[in-house]
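Please read the structure below before turning to the comments.
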Amino acid sequence: MAKERYIVLLDSQNEKSIKSVEKGFSVSVTSSEFLSKENRSFHIIDNNHAVLYKNLGVMVVDDVDEQLLTASISDSRSPVVYFEKEREFFPADEFTLIDDLKATVDQLNSKITELENFIRNRSMPKPAVTDLEWGLKAIGVDEARFTGKGVDICILDTGFDVSHPDFAERFIEGKSFVEGEEWDKDLNGHGTHCAGIACGYVRGDTGKRYGIAKDSNLKIGKVLGNNGKGTTSSIIDAIDWAITKKYRVISLSLASPVKLNEKPSPLFETVGSRALENNCLIIAAAGNDSNRPALPMPVSAPANAVSIMAVAAIDSQMQIARFSNGGLNASTGGDINVCAPGVNVLSSYPKKSANSGNYQILSGTSMATPHVSGLAALYMEQYPDLNAREIWELIEEHAKPIENLKYRDVGKGLVQVIREE
Amino acid sequence: MSGRGWYRLFVKSKMKTYFGVIQNGWSFKEVETKLTRLGIRVDTYYPKLKIVKFVTDRIISQIDFDFFITVEEEKDDFAIQ
Numbered sequence: 014m015a016k017e018r019y020i021v022l023l024d025s026q027n028e029k030s031i032k033s034v035e036k037g038f039s040v041s042v043t044s045s046e047f048l049s050k051e052n053r054s055f056h057i058i059d060n061n062h063a064v065l066y067k068n069l070g071v072m073v074v075d076d077v078d079e080q081l082l083t084a085s086i087s088d089s090r091s092p093v094v095y096f097e098k099e100r101e102f103f104p105a106d107e108f109t110l111i112d113d114l115k116a117t118v119d120q121l122n123s124k125i126t127e128l129e130n131f132i133r134n135r136s137m138p139k140p141a142v143t144d145l146e147w148g149l150k151a152i153g154v155d156e157a158r159f160t161g162k163g164v165d166i167c168i169l170d171t172g173f174d175v176s177h178p179d180f181a182e183r184f185i186e187g188k189s190f191v192e193g194e195e196w197d198k199d200l201n202g203h204g205t206h207c208a209g210i211a212c213g214y215v216r217g218d219t220g221k222r223y224g225i226a227k228d229s230n231l232k233i234g235k236v237l238g239n240n241g242k243g244t245t246s247s248i249i250d251a252i253d254w255a256i257t258k259k260y261r262v263i264s265l266s267l268a269s270p271v272k273l274n275e276k277p278s279p280l281f282e283t284v285g286s287r288a289l290e291n292n293c294l295i296i297a298a299a300g301n302d303s304n305r306p307a308l309p310m311p312v313s314a315p316a317n318a319v320s321i322m323a324v325a326a327i328d329s330q331m332q333i334a335r336f337s338n339g340g341l342n343a344s345t346g347g348d349i350n351v352c353a354p355g356v357n358v359l360s361s362y363p364k365k366s367a368n369s370g371n372y373q374i375l376s377g378t379s380m381a382t383p384h385v386s387g388l389a390a391l392y393m394e395q396y397p398d399l400n401a402r403e404i405w406e407l408i409e410e411h412a413k414p415i416e417n418l419k420y421r422d423v424g425k426g427l428v429q430v431i432r433e434e
Numbered sequence: 003m004s005g006r007g008w009y010r011l012f013v014k015s016k017m018k019t020y021f022g023v024i025q026n027g028w029s030f031k032e033v034e035t036k037l038t039r040l041g042i043r044v045d046t047y048y049p050k051l052k053i054v055k056f057v058t059d060r061i062i063s064q065i066d067f068d069f070f071i072t073v074e075e076e077k078d079d080f081a082i083q
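The listed protein sequences derive, respectively, from chains A and B. For what it's worth, our numbering labels the leading residue of the first sequence as 14, then goes sequentially. For what it's worth, our numbering labels the leading residue of the second sequence as 3, then goes sequentially.
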């Protein structure tokens, strides 16, 4: 066992004081005057011998009783006024210092990791969501008891950025129907935005809620290229895939414009009907071709098919969105069924550069559509025995008419969460 | 080659994609056989939708597809809203 060495400061070095020290600590004291090349201090100092450096008034002694030293400081008769353990000093080599710093950083990192794991894994309730985006408030999500748990929502769009931090812990299934482009990347951003509204939850940075059916199962079908455009083939391929997979909701934030008095496509009419027969509800954007109030345009395809739910967009002032198409072709089909928030809607978005964020505000009937899709998932969880057609009826039944807005423009009105009595 | 021949070559090379919704009472096998007899290639059959995607360079308005409810040409103008 290594011996402790002490540096002891004396206030007096007269003979009486030295003798008192020798007696008190059972050592013989050699003055530094007698040190030489042949008689070095480390040869002398042991538990029986101490060296006194007269010019300094300091004595170095080995392995004495520390309690005795402490007691002697408070003893007015003792010459000892202070003591400390001998310290080790090293040459200040830069690389040694750097190595020491590195070792300290490593230790610190290890502690931080340990703390981080502890915080992440501890079973504490997450802070309550205190604020919601305007669209979620407008449809009553703040009062929703359901989260779409277990309901498969399929977003057919430009793909999805699976690296988005808000979806890091989600299992997302997908397929691309666009040649040479992958479903799990979204170079456009539109699909990630729509998926966030329907299936997201809260912002990672502020905690503000922007998504509706947070516990739904997000399914992605890439049917639009990175340029935001697609074909009948990719859409039909994807709908067939989604129905085969038994997904309950298909959300189509896409459209192809139609002319005034143009009849709806019998093809999409059939697709919507077959989806409903397979317990799958297709919800589609009414389209953005209008320039209101002067120039409203008819509901686009495929939303103009009567077997597909058509969604118009309103703003936070409960006004019809300038661009939102309306039921102008009512005689041939093509009504609006319901409306939902579609102006200045915040949702998840791919981070496209170091300076851009993970969120974006967009407007369109594209944004209104996933509000209804997410809500449909809440209904499906709330009423598990109802089929897709009945869920559709329930969505329309609970939609709230908006004062001064026409049925032609908003259908049955603004969709609403069903509040349980 | 005459001018008319060049025209035929141009029309023949213009293949188009169509979607046919199968009438009730017809099976895909029967429809496939009929289309093959008409010289039309089936691209995809969607069993859940009972829709056939096919490709042809023929003018479809001149063909009697009694086994389809409707036939529509592929569109490529679907876009984000």
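Glycine is no exception: its CB is placed at the ideal position from the N, C-alpha and C atoms.
What residues from chain B crowd round residue i, counting only those whose CB sits closer than 7 Å?
i	result
V284(A)	L51
R335(A)	Per Cβ cutoff of 7 Å: no residues; R335(A) is ~13 Å from chain B at best.
H203(A)	I82
T257(A)	K50
N291(A)	K50
Does residue i pass the burial test, meaning 16 or more other C-beta atoms within 10 Å, or should it be called exposed?
i	result
R43(B)	exposed
I248(A)	buried
G5(B)	Model confidence at G5(B) stands at a pLDDT of 48, short of 50, so the residue's coordinates are unreliable and nothing is read from them.
D75(A)	buried
M14(A)	Any reading at M14(A) needs caution, since the residue's pLDDT is 47, under 50, leaving its predicted position unreliable; the model's value is listed next. Its Cβ having fewer than 16 others within 10 Å, M14(A) is exposed.
L375(A)	buried
W196(A)	buried
F70(B)	buried
I57(A)	buried
W254(A)	buried
P104(A)	exposed
G426(A)	buried
V236(A)	buried
G22(B)	buried
I31(A)	buried
P92(A)	buried
V8(A)	Within the shown structure, residues of chain A are numbered from 14 to 434, placing residue 8(A) beyond reach of any answer.
V215(A)	buried
D68(B)	exposed
With residue i as the anchor, note down where its alpha helix (DSSP H) starts and where it stops.
i	result
I82(B)	No alpha helix (DSSP H) contains I82(B), which is instead part of the beta strand (DSSP E) from 80-82.
Q80(A)	79-87
G355(A)	From DSSP, G355(A) is part of no alpha helix (DSSP H); its letter is neither H nor E.
V262(A)	Element bounds for V262(A): not the alpha helix (DSSP H) but the beta strand (DSSP E), 262-265.
R133(A)	107-134
M310(A)	Segment: none, M310(A) is in no alpha helix (DSSP H) and carries neither H nor E.
A251(A)	245-257
M380(A)	378-395
F281(A)	279-290
S30(A)	28-38
I374(A)	Run containing I374(A): none in the alpha helix (DSSP H); it sits in the beta strand (DSSP E), 372-375.
K35(B)	Per the sequence presented here, residue 35(B) reads as Thr, with Lys not at that position. Where T35(B) is concerned, the enclosing alpha helix (DSSP H) stretches over 30-39.
F55(A)	54-57
Y214(A)	Here Y214(A) belongs to no alpha helix (DSSP H), and DSSP marks it neither H nor E.
Mind listing the chain A neighbours of residue i? Cutoff is C-beta to C-beta under 8 Å, in chain order.
i	result
K2(B)	Nothing about residue 2(B) can be read from this structure; chain B reaches only from 3 to 83.
E74(B)	T245, S278, P279, L280
D79(B)	K242, S269, P270
I71(B)	P279, T283
What residue does the beta strand (DSSP E) around residue i start on, and which one ends it?
i	result
H62(A)	62-66
E75(B)	70-75
D170(A)	165-170
S189(A)	186-189
F67(B)	Premise fails: F67(B) is in no beta strand (DSSP E) and is neither H nor E.
A325(A)	322-327
T46(B)	43-48
I53(B)	53-58
D439(A)	With chain A represented from 14 up to 434, any question about residue 439(A) goes unanswered, as that position is not in the structure.
L294(A)	294-298
Chain A partners of residue i, CB-CB under 7 Å?
i	result
Q83(B)	S266, L267, A268, A298, G300, N301, G377, T378, S379
In chain B, which residues lie with their C-beta within 8 Å of the C-beta of residue i?
i	result
D112(A)	Chain B residues near D112(A): none, gap ~56 Å exceeds 8 Å.
So which residues of chain B does residue i contact, with C-beta pairs closer than 9 Å?
i	result
D253(A)	T46, Y48, P49, K50, L51, I53
* Asked: Of all the residues that make up the segment 219-244 of chain A, which are near chain B by a beta-carbon distance shorter than 7 Å?
  -> L237, G241, K242, G243, T244
* **Members of the segment 347-380 of chain A that neighbour chain B once the beta carbon cut-off is set at 7 Å** => G377, T378, S379
* Asked: For the segment 20-44 of chain B, which residues have a CB atom closer than 7 Å to at least one CB atom of chain A, in sequence order?
  -> F21, V23
* Touching by the beta-carbon criterion (3+ pairs, under 8 Å), the segment 171-178 of chain A and the segment 406-413 of chain A -> no
* Between the segment 213-233 of chain A and the segment 346-356 of chain A, do at least 3 Cβ pairs fall closer than 8 Å? -> no
* Asked: Given a limit of 8 Å on CB to CB distance, which residues of the segment 169-182 of chain A reach chain B?
  -> D170, T171
* Would you check if there are 3 or more beta carbon pairs closer than 8 Å linking the segment 414-421 of chain A to the segment 184-193 of chain A? => no
* Asked: Between the segment 279-287 of chain A and the segment 305-318 of chain A, are three or more C-beta pairs nearer than 8 Å?
  -> yes
* **the segment 41-48 of chain A touching the segment 61-73 of chain A, judged by at least three CB pairs closer than 8 Å** => yes
* Asked: Are there three or more Cβ pairs, one per stretch, closer than 8 Å when the segment 363-374 of chain A is compared with the segment 251-271 of chain A?
  -> no
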